[in-house]
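So in the UniProt record's numbering, the last one in the sequence shown is 214, and the numbering has no gaps at all.
All C-beta atoms, glycine included, are put in the ideal place defined by N, C-alpha and C.
For reference, the structure discussed in these notes is given below.
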Amino acid sequence: MTGTTLRIDEAAWRTSLDRVRDATPGLVPVAKGNGYGFGLPRLAAEATRLGADTIAVGTPGELDAVADRFPGTIVVLTPWPGAIADDGVRSLTAVPPDEHDPAAARLHHTLRHLGWKPPKDAAGFAAGQPKFNFWLPLKGRSADDVLKGMNQLWRRNIKKAAKLGVEVSEGGPDDLGEFHRIYVETAERDGFTPRALSYFQNMCPSPETTPISA
């Protein structure tokens, strides 16, 4: 994959950032998309260096990329619907789920009985298995309708991929090596920390499991 490489004078760049910070009390740095070419983790680390107490990201999906590099408050610029937009809701655990899975509840009860300890709420955005998940309802919706609900960057990338002839195919354990290679390449380009190959191998241990998409 090819692209444009931009090289900057790091010392001059940081001097410029420091100047803006000093001239703008209460400044809230913004890190979204691909981090304006710098990568979200790097911008989050720079915001920490600047002494900012708040940083803004574009979408909820960008939280993972900055959470480990920024200890302060993280604001999501994209409006969150439903209960998450309620000022009275202070954590995801306070949001009532749209559905309850009886099988999952039974499994949770069994594991707790065997001594399993569920992760703390704050670990939901950690590097391990995510605790908080969402499903996008697609039944009865057209492709155009689904696209309208996405942010501008996602819509642009999806349309660009379609024009370039990118195809989505189902694979299995034998395809994990190639899947992971592309995944790591994407992580390097977009500035997020990739999971190890072993993580996906544990999720897809046999041909009988749900196929992966790449």
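Along the chain, where does the beta strand (DSSP E) that runs through residue i open and close?
i	result
V75	T73 to V76
Using only alpha-carbon positions, find the residue among the options that is nearest to residue i.
i	options	result
Q201	A31, H100 and E178	E178
G28	T48, L138, G149 and A187	According to the sequence displayed, residue 28 carries Val and not Gly. Cα-wise, what sits closest to V28 is T48.
D53	L153, P102 and V30	V30
R19	I8, G39 and L50	L50
T65	L40, A187 and L77	Checking the displayed sequence, the identity of residue 65 turns out to be Ala instead of Thr. Minimum Cα distance to A65 is reached at L40.
W13	K160, N34 and F38	F38
I158	D190, S169, A143 and G191	A143
L147	R155, A23 and A104	R155
R42	F70, P60 and G61	F70
G61	T15, L138, M150 and S198	M150
G26	T15, D9 and T73	T73
Locate the alpha helix (DSSP H) running through residue i, then write down its first and last residues.
i	result
I182	L176 to D190
T193	Premise fails: T193 is in no alpha helix (DSSP H) and is neither H nor E.
L6	Neither: L6 is in no alpha helix (DSSP H) and is coded neither H nor E.
E167	Counting along the chain, E167 falls outside any alpha helix (DSSP H), and DSSP gives it neither H nor E.
H108	P102 to H113
V66	L63 to A67
L153	Q152 to K163
V146	A143 to K148
P41	L40 to L50
In or out: residue i buried (at least 16 other Cβ within 10 Å) or exposed?
i	result
L164	exposed
L136	exposed
H108	exposed
I55	buried
K32	buried
E46	buried
V75	exposed
A44	buried
E99	exposed
G140	exposed
G191	buried
H180	buried
Taking DSSP's pairing of strands, which residues face residue i in a bridge?
i	result
I55	I74
V30	A56
Three-state secondary structure (DSSP) at residue i?
i	result
V20	helix
V95	coil
Y36	coil
F200	helix
W13	helix
I want to see whether chain D comes within less than 7 Å of residue i, judged by CB atoms only; does it?
i	result
F70	Absent here is chain D; the protein component of the structure consists of one chain.
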